[in-house]
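Numbering (full-length UniProt numbering), first residue to last: 1 to 902.
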């Protein structure tokens with residue numbers, strides 16, 4: 001059943017009314033009593049919404065009431081937004097040194113007319129909510145409040161420890177790794193070693209834990225083996241009783257004992273015995289609760305271990321003392337074997353080679369998830385018609401799972417555990433196509449555009465909130481295929497099955513259209529047109545644009561520039577006046593549609609990969625609410641001159657053919673957090689005054705091959721945390737040399753700016769003119785820099801100015817053949833990679849290299865270059881480390897590198 005998200009939307013509106021900005025607005029425009037009345041009604045309604053959303057599936061009238069409430073909330077947000085837009089317009093007009101030019105650029109507004117118009121709109125909104133609130137009594141709803149500490153789960157689950165090893169396919173290697181980890185003695189002083197097994201629902205974490213528990217090696221190593229299924233019930237007393245039952249192997253009644261009596265029984269049961277305890281299906285993320293239980297488990301013998309299975313890496317982070325075992329999908333060969341085992345009776349598959357071939361295609365879409373493979377195999381058992389098999393192969397996978405009431409509820413279980421605000425963020429991902437590669441910063445700004453980033457503290461940075469949301473979702477295995485390579489930004493994907501889950505949950509909010517035959521319901525707020533080819537044969541009036549006038553997201557990518565498509569987009573933009581997000585990526589348009597200028601609520605505009613658009617018109621600068629503007633890989637020859645007025649802009653990605661950007665007003669964008677220049681082939685200089693970008697957090701400059709110099713003001717960007725400079729072959733990082741290369745001395749007032757950089761991440765690469773990292777670039781970053789990546793700097797010879805990097809954790813150097821030494825002090829370094837740097841390779845040889853003492857403390861070292869290489873295993877792997885040291889005495893480096901790499 002799809003979600004209504006009414007609670008989230010009402011709560012967001014209540015929070016907005018409570019902010020200082022809107023309280024000041026209500027006073028300024030004389031509508032404070034209306035705002036207060038609106039807040040009172042919404043607060044009363046919100047109290048019953050959790051109950052309403054839980055029972056609405058079986059009550060059409062209640063479902064319609066919730067939809068009306070949602071629609072009213074969205075309309076109220078639009079009204080409140082008009083106050084914000086007017087405030088931004090006044091802010092621009094008040095800017096110094098603008099004068100009449102700005103007054104002509106922005107249309108005038110009569111304050112009295114605005115006050116009257118908005119007062120009428122607010123009264124209308126309040127009256128509408130009053131009528132809706134009056135109807136809630138008809139449904140006899142109970143007041144409920146969301147408890148952030150516990151979410152009621154919709155699927156009870158109990159597990160046991162028995163398993164037939166022959167039934168588990170493809171997990172031998174995982175089992176061996178876990179057993180090796182359990183056999184090692186603790187080295188860090190921990191009384192109890194905890195090994196988490198983390199993975200998405202259905203991967204077989206429980207089955208793997210069973211394999212481990214029932215292995216003969218484990219039998220000989222541990223005196224006592226216990227299995228406890230925790231699930232959502234992390235109630236200390238009940239868990240203690242379960243452990244006592246598992247330890248004593250009897251089903252006694254301890255429920256009448258108090259907590260003190262139970263802890264004595266538990267400690268007696270474990271006293272001096274080396275035990276292995278499996279805590280299966282754990283969801284608790286409360287460190288205090290875990291510590292309460294942990295204190296009662298320390299009485300076992302030395303070497304006792306606990307294995308935890310969970311979907312949440314946050315649980316693993318809280319509980320784990322041994323490196324987490326991240327469970328992946330089965331290899332394709334094992335996945336096919338498992339699928340066929342459930343799809344055919346013994347010796348039957350040889351008779352149906354045609355079905356096996358179709359089965360291979362089905363398996364490829366299952367990503368090796370055993371629960372999915374078993375479910376689909378079982379579904380096809382006994383069906384010998386190719387039609388039935390192709391139906392599964394070609395169907396939307398979630399529909400099959402939902403019908404069979406098996407895998408889909410298991411995947412939904414992770415979703416049900418999310419707090420309401422994360423459910424809405426997750427559901428919004430359904431407007432993206434399957435297998436979409438998300439950029440973490442773009443996604444955060446997409447959420448921001450829809451006001452989905454909530455915090456009890458209105459001063460919290462939305463970007464930081466978005467990062468927390470992403471970390472929370474990824475820790476619960478909602479994302480996969482993270483590209484965390486040091487030289488790249490974070491990219492990731494979402495499993496197809498989880499995408500299907502998002503589509504299912506958001507089907508009343510989001511719609512993806514790939515056929516003119518599809519029906520779009522009137523309540524849709526987010527629309528993605530997947531395929532523009534149907535315009536060739538069918539009228540662009542195949543759906544009613546007028547009933548989509550409240551649309552907030554419109555994604556129409558790879559649009560062909562023909563008369564029919566352009567007429568369609570023009571009509572859409574004239575009606576979609578409430579848009580917050582507009583994506584026209586990869587179109588064949590030659591001119592930016594003029595209708596965009598009227599989208600006053602717009603926060604996010606993506607015109608990337610529009611190679612035919614040569615000029616970005618000035619009317620874009622009238623979009624005062626615009627927070628994100630993406631112009632990467634576009635054919636833009638000239639940016640607008642009035643960008644100084646885009647005072648809400650937080651993320652700007654640019655590809656342009658300009659030589660410099662000094663006349664575009666970029667130095668006035670004080671809200672800018674993220675600035676990217678990519679493939680600016682003619683760009684020689686950025687712009688002076690860059691130090692005025694006091695909020696800038698991330699600056700990325702890539703593929704600007706004619707860039708000669710960076711502005712002096714870059715040294716004063718004290719908020720800058722991430723700096724990436726790559727593939728700029730003419731760039732001098734030495735400011736003096738750079739000024740001479742430009743053919744003029746730097747006579748700007750920026751010249752005498754001292755360096756106050758406090759970077760956390762620095763990535764530089766493909767800079768052939770770089771001979772030494774300049775001192776200004778380090779600035780105060782010696783104490784803050786955590787990640788340093790240097791790639792393909794062929795003439796870099798020294799890091800002499802960079803000797804004491806006290807916070808550096810990850811360091812990667814690649815293809816720097818002239819670099820001959822490392823910084824002297826890197827006490828916090830955890831990961832070091834040196835690739836194709838022969839001098840450093842030799843100096844960092846274990847035990848004998850001149851620089852080995854500088855890095856001997858590093859837990860993860862990888863050195864592999866043109867002169868041979870070697871991998872230094874992690875220090876906590878005792879057996880591998882001993883094996884490595886033995887090899888050092890008997891093998892040459894090339895052989896060793898090959899052996900360790902294998």
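The beta-carbon is built from N, C-alpha and C at its ideal position, and this holds for glycine as well.
Query: Considering only C-alpha positions, which residue in the set 267, 650 and 61 is nearest to residue 673?; Result: 650
Query: Answer yes or no: do residue 528 and residue 510 have a C-beta to C-beta separation smaller than 9 Å?; Result: yes
Query: Would residue 498 count as contacting chain D if we go by Cβ distances under 9 Å?; Result: Looking for chain D here will not work: only one protein chain is present.
Query: For residue 525, count neighbouring Cβ atoms within 10 angstroms of its own Cβ and tell me buried if that reaches 16, exposed if not.; Result: buried
Query: From residue 340 to residue 625, what distance separates their C-alpha atoms?; Result: 55 Å
Query: Looking only at DSSP bridge pairs, what is residue 225 linked to?; Result: 276
Query: State the CB to CB distance for the pair residue 698 and residue 721, rounded to an integer number of angstroms; the pair is presumed to be in contact (CB under 8 Å).; Result: 7 Å
Query: The alpha helix (DSSP H) with residue 39 in it runs from where to where?; Result: 32–46
Query: Smallest Cα separation from residue 360: which of 345, 331, 382 and 347?; Result: 331
Query: Count Cβ pairs between the segment 265–283 and the segment 304–313 that sit closer than 8 Å; are there 3 or more?; Result: yes
Query: Taking the alpha-carbon of residue 780 as reference, which of 594, 617, 716 and 356 has the nearest alpha-carbon?; Result: 716
Query: Where does residue 298 fall in DSSP's three states?; Result: coil
Query: Starting from residue 492, follow its DSSP beta bridges and name the residues at the other end.; Result: 438
Query: Three or more C-beta pairs closer than 8 Å, one from the segment 204–216 and one from the segment 169–184: is that the case here?; Result: yes
Query: Does residue 425 come out as helix, strand or coil in the three-state DSSP assignment?; Result: helix
Query: Along the chain, where does the beta strand (DSSP E) that runs through residue 196 open and close?; Result: 193–198
Query: Hey, out of 830, 379, 375 and 355, whose CA is closest to residue 385's CA?; Result: 355
Query: What are the start and end residues of the beta strand (DSSP E) that includes residue 678?; Result: 674–678
Query: Closest by CA to residue 680, which one among 696, 704, 662 and 761?; Result: 704
Query: Figure out for me which residue from 335, 479 and 415 has the closest Cα to the Cα of residue 437.; Result: 479
Query: Report the start-end ranges of each beta strand (DSSP E) in the segment 560–600 that is 3 residues or longer and not cut off at the edges.; Result: 581–583
Query: Output needed for residue 186: all residues of its chain with C-beta closer than 6 Å, excluding positions within five of it in sequence on either side, in chain order.; Result: 193
Query: What three-state label does DSSP hand residue 709 in the structure shown?; Result: coil
Query: What separation, rounded to the nearest whole angstrom, lies between the Cα atoms of residue 154 and residue 416?; Result: Bear in mind that the predicted position of residue 154 carries a pLDDT of just 38, short of 50, making it unreliable; the figure below should be weighed with that in mind. If you take the alpha carbons of residue 154 and residue 416, they lie about 7 Å apart.
Query: Please list, in chain order, all residues of the same chain as residue 287 whose beta carbon is under 8 Å from its beta carbon, the five residues on each side excluded.; Result: 318
Query: So within the segment 319–345, which uninterrupted alpha helix (DSSP H) runs reach at least 4 residues, ignoring any that extend past its ends?; Result: 332–343
Query: Counting C-beta neighbours from all protein chains within 10 Å, is the total for residue 261 16 or more, i.e. buried, or is it exposed?; Result: exposed
Query: When DSSP builds the beta bridges, which residues end up paired with residue 860?; Result: 831
Query: Using alpha carbons as the reference points, say which of 249, 667 and 255 lies closest to residue 269.; Result: 249
Query: Which same chain residues, not among the five before or five after residue 666, have their C-beta less than 7 Å away from its C-beta?; Result: 643 and 687
Query: So residue 924 is in the alpha helix (DSSP H); what residue range does that whole segment cover?; Result: The structure shown does not extend to residue 924, since the chain spans only 1 to 902, so no value can be given for it.
Query: Please report the straight-line C-alpha distance between residue 455 and residue 428, rounded to a whole angstrom.; Result: 19 Å
Query: Return the first residue and the last residue of the beta strand (DSSP E) that residue 630 is part of.; Result: 628–631
Query: May I ask you to list the residues that DSSP assigns as paired with residue 651?; Result: 628 and 674
Query: How many angstroms separate the CA atom of residue 464 from the CA atom of residue 379?; Result: 45 Å
Query: Between the segment 46–57 and the segment 113–129, can you find at least three pairs of beta-carbon atoms closer than 8 Å?; Result: no
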